[in-house]
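Numbering (this note's numbering), first residue to last: 13 to 441.
Below is the structure:
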């Protein structure tokens, strides 16, 4: 398990915050009855966190060999009949919309679309594993009694991906996906409560029309065996979760806990033999014959909404520097330093940093420092700094750095505001 990152403003290491209350107090998100329950909107500060998280995922996936795609949020009912969602998952789907003589459905999942994207071109074994990813909208008809905040919503943005691979590549691809998830959690400063191997009910009649599971028992057993191998090779403690599997296959669920102690899944790794069969997916093997790929479903941070909810509850608004809505606050001591403060802010923005100026006429320096205490870095601008082009940095934990040349300080802070796993390696002194 990964330790929870230090939370400077917590009363204790066990403290968690209610993201619904704090998220609104910090101006991260809100909702409106005219938009509807379970449909929160993002305010500028929350949108900055979301954008940082999305950019992070895109870079992680790029480095790991994923190819980004985009697909529509609607699909014909027939698409979900083929995938099995309509027969096994329709209670959580929105009803079809009649458009031009067709029945269109808001998608509950991205995997059928990705199966069609794979099917649109012929593939050779040399292309496998083929990793495609998307940050896309999906929709769940959640009941009003269970929705709330960002954890249970009716419209979400999912960091989803599907890996099309040969059977002998499944274990390594699933292991690689699990490694990406755990690395992301370390960067975000959040911890896994439990790893669960989600399996079918012990008495499940897999493949029976009355069963909630599709496919055949042999494929399910093979998929579960592969995922168990991944968990054990990673040296992770895990629990079996009978009855927790998806309708098309077993999965690894990474369980997190909210401020009330309730658990929810954020990220998953799933092995799916069913949808490649249903959609007739193929690749040409080294023997020149056609073979069926396996789909590995994987979400690094799951839904952006749930990820941000957990970040709020763990960090209490004192987000890691790379996620903070405002990374640098420039504080001129008096009006005489306002011009230089504006220049420093502009130079920080030019380096891709999120910067604000806390102007001298907004209160005493001490009051402005307290008001902006959640920012990772505060740049104090006095007469000496303005005259010699330097900056003094006050860190969120109260430590201060001696004034140094502005360009060098801003370059250092640009690196410090990268995710930990993406910061440049530094030589040992």
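C-beta atoms are modelled at their ideal positions from N, C-alpha and C, and glycine is treated no differently.
None of these values were measured; they are calculated from a predicted model.
Exercise. How would you label residue 403, buried or exposed, when you count the other beta carbons within 10 angstroms and need 16 or more for buried?
Worked result: If you number the chain shown from 1, residue 403 lands on position 391. When all chains shown are included, residue 403 counts as buried.
For this session: Can you grab the Cα-Cα spacing for the pair residue 80 / residue 189, in whole Å?
Result: Numbered from its first residue, the chain shown carries residue 80 at position 68. Numbered from its first residue, the chain shown carries residue 189 at position 177. If you take the alpha carbons of residue 80 and residue 189, they lie about 16 Å apart.
Exercise. In three-state DSSP terms, what is residue 309?
Worked result: For this step, residue 309 is matched to residue 297 along the chain shown. In the displayed model, residue 309 falls within a strand according to three-state DSSP.
Exercise. According to DSSP, what are the bridge partners of residue 146?
Worked result: Along the chain shown, one-based indexing puts residue 146 at 134. Note: residue 146 is bridge-paired with 172 in the DSSP secondary-structure output.
For this session: Report yes if the CB atom of residue 433 is closer than 9 Å to the CB atom of residue 195, and no otherwise.
Result: For the purposes of this step, residue 433 is identified with residue 421 of the chain shown, where counting begins at 1. For the purposes of this step, residue 195 is identified with residue 183 of the chain shown, where counting begins at 1. Yes, the pair counts as a contact, with Cβ atoms nearer than the cut-off.
Exercise. Terminal residues of the continuous alpha helix (DSSP H) containing residue 234?
Worked result: Along the chain shown, one-based indexing puts residue 234 at 222. Run containing residue 234: 229-245, per the alpha helix (DSSP H) assignment.
Exercise. Based on the DSSP secondary-structure assignment, which residues constitute the bridge partners of residue 412?
Worked result: As a first step, residue 412 is located in the chain shown; it is residue number 400 there, counting from the start. DSSP, once it has assigned bridges, lists 406 as partnering residue 412.
For this session: Go ahead and label residue 272 buried or exposed: buried means 16 or more other beta carbons lie within 10 angstroms of its beta carbon, across all protein chains shown.
Result: Taking the first residue of the chain shown as position 1, residue 272 is located at position 260. Residue environment analysis places residue 272 among the exposed positions, since fewer than 16 neighbouring C-beta atoms fall within 10 angstroms of its C-beta.
Problem set entry | Range of the contiguous beta strand (DSSP E) that encloses residue 61 | As a position in the chain shown, residue 61 is number 49, starting the count at 1. Where residue 61 is concerned, there is no enclosing beta strand (DSSP E), although the alpha helix (DSSP H) around it starts and stops at 56-75.
Problem set entry | Three-state secondary structure (DSSP) of residue 97 | On the chain shown, residue 97 is found 85 positions in, with the first residue counted as 1. Of the three classes helix, strand and coil, the one that applies to residue 97 here is helix, per DSSP.
Problem set entry | Spatial neighbours of residue 242 in its chain, beta-carbon cut-off 8 Å, leaving aside the 5 residues before and after | In the chain shown, the residue the question calls residue 242 occupies position 230. Cβ neighbours of residue 242 beyond the five flanking positions: 183, 186, 187, 190, 264 and 281.
For this session: Return helix, strand or coil for residue 430, following the three-state DSSP convention.
Result: As a first step, residue 430 is located in the chain shown; it is residue number 418 there, counting from the start. The answer is coil: DSSP assigns residue 430 none of H, G, I, E or B.
For this session: From the DSSP output, read off the bridge partner residues of residue 210.
Result: Taking the first residue of the chain shown as 1, we reach residue 210 at position 198. Under the DSSP definition of a beta bridge, residue 210 partners with 253 and 263.
For this session: Run through the stretch 339-412 for me and flag every whole beta strand (DSSP E) of 3 or more residues, listed as ranges in chain order.
Result: Listed in chain order, the complete beta strand (DSSP E) runs (minimum 3 residues) inside the stretch 339-412 are 340-344, 367-369, 389-393 and 402-407.
Exercise. What is the DSSP secondary structure of residue 280, reduced to helix, strand or coil?
Worked result: Walking along the chain shown from the start, residue 280 turns up at place 268. Assignment of residue 280 by DSSP, reduced to helix, strand and coil, places it in the strand class.
Exercise. Hey, is the stretch 336-343 in contact with the stretch 352-362, meaning 3+ C-beta pairs nearer than 8 Å?
Worked result: Result yes; three or more Cβ-Cβ pairs closer than 8 Å.
Exercise. Alpha carbon to alpha carbon, how far is residue 286 from residue 144?
Worked result: Translated into positions along the chain shown, residue 286 becomes position 274. Translated into positions along the chain shown, residue 144 becomes position 132. Looking at the two C-alpha atoms, the distance is approximately 18 Å.
Problem set entry | Buried or exposed (CB count within 10 angstroms, at least 16 for buried), residue 245 | In the chain shown, counting from the first residue as 1, residue 245 sits at position 233. Exposed: under 16 other Cβ atoms inside 10 Å.
For this session: From the DSSP output, in three-state form, read off residue 302 for me.
Result: Within the chain shown, numbered from 1, the residue matching residue 302 stands at position 290. Shown here, residue 302 sits in a strand according to DSSP, grouped into three states.
For this session: Could you say if the stretch 110-119 and the stretch 174-182 meet the contact criterion of at least three C-beta pairs nearer than 8 Å?
Result: They do not touch, by the three-pair rule.
Exercise. Exposed or buried, residue 366, counting other C-beta atoms within 10 Å across all chains shown (16 or more means buried)?
Worked result: Along the chain shown, one-based indexing puts residue 366 at 354. Per the 10 Å Cβ criterion, buried.
Exercise. If we call anything under 9 Å between Cβ atoms a contact, is residue 296 one with residue 177?
Worked result: As a first step, residue 296 must be located in the chain shown, where it is residue number 284. As a first step, residue 177 must be located in the chain shown, where it is residue number 165. Here residue 296 is not near residue 177, since their CB atoms are 9 Å or more apart.
Exercise. How long is the line joining the alpha carbons of residue 318 and residue 254, rounded to whole angstroms?
Worked result: As a first step, residue 318 must be located in the chain shown, where it is residue number 306. As a first step, residue 254 must be located in the chain shown, where it is residue number 242. C-alpha separation (whole angstroms): 24 Å.
Exercise. Rounded to whole angstroms, how far is the Cβ of residue 298 from the Cβ of residue 137, which I believe are closer than 8 Å?
Worked result: Along the chain shown, one-based indexing puts residue 298 at 286. Along the chain shown, one-based indexing puts residue 137 at 125. The C-beta separation of residue 298 from residue 137 comes to about 6 Å, placing the pair in contact by the 8 Å criterion.
For this session: Figure out for me which residue from 58, 140, 149 and 278 has the closest Cα to the Cα of residue 324.
Result: Looking up residue 324 in the chain shown gives position 312. Nearest neighbour of residue 324 by Cα position, chosen from 58, 140, 149 and 278, turns out to be 58.
Exercise. When we look at the beta-carbon of residue 24 and count the other beta-carbons within 10 Å, is it buried (16 or more) or exposed?
Worked result: Position 12 of the chain shown, counting from 1, holds the residue named residue 24. With a pLDDT of only 40 at residue 24, under 50, the local geometry of the prediction cannot be trusted, and the value read off the model is given with reservation. By the 10 Å Cβ count, residue 24 comes out exposed.
Problem set entry | Best match in 387, 229, 320 and 270 for proximity to residue 169 [C-alpha to C-alpha] | By 1-based counting over the chain shown, the position of residue 169 is 157. Among 387, 229, 320 and 270, the Cα nearest to that of residue 169 is on 320.
Exercise. From the DSSP output, which residues share a beta bridge with residue 136?
Worked result: Position 124 of the chain shown, counting from 1, holds the residue named residue 136. In DSSP, residue 136 forms a bridge with 296.
Problem set entry | Residue range of the beta strand (DSSP E) that includes residue 114 | Within the chain shown, numbered from 1, the residue matching residue 114 stands at position 102. Its beta strand (DSSP E) spans residues 114-118.
For this session: For residue 349, collect the residues of the same chain with a Cβ closer than 8 Å to its Cβ; drop the 5 residues on either side in sequence, then sort them by chain order.
Result: On the chain shown, residue 349 is found 337 positions in, with the first residue counted as 1. The answer, listed in chain order, is 372, 393, 394, 395, 397 and 398.
Problem set entry | residue 217 (DSSP reduced to helix, strand or coil) | Here residue 217 corresponds to residue number 205 of the chain shown, with the count starting at 1. In the structure shown, residue 217 sits in coil (DSSP, three-state: anything other than H, G, I, E or B).
Problem set entry | residue 224 - containing alpha helix (DSSP H), residue span | Here residue 224 is taken as the residue at index 212 of the chain shown, counted from 1. Following the DSSP letters along the chain, one finds residue 224 in no alpha helix (DSSP H), marked with neither H nor E.
Problem set entry | Helix, strand or coil at residue 80 [DSSP, three-state] | Against the chain shown, residue 80 aligns to sequence position 68. In this structure, residue 80 counts as strand in the three-state DSSP scheme.
Exercise. Whose CA, out of 165, 124 and 377, lies closest to the CA of residue 10?
Worked result: There is simply no residue 10 to check, as the chain begins at 13 and stops at 441 in what is shown.
Exercise. In this structure, does DSSP put residue 269 in helix, strand or coil?
Worked result: If you number the chain shown from 1, residue 269 lands on position 257. Of the three classes helix, strand and coil, the one that applies to residue 269 here is strand, per DSSP.
For this session: Give a yes or no on whether the C-beta atoms belonging to residue 368 and residue 354 are separated by under 9 Å.
Result: Counted from its first residue, the chain shown places residue 368 at position 356. Counted from its first residue, the chain shown places residue 354 at position 342. Between residue 368 and residue 354, the C-beta gap is not smaller than 9 Å, which leaves the two residues out of contact.
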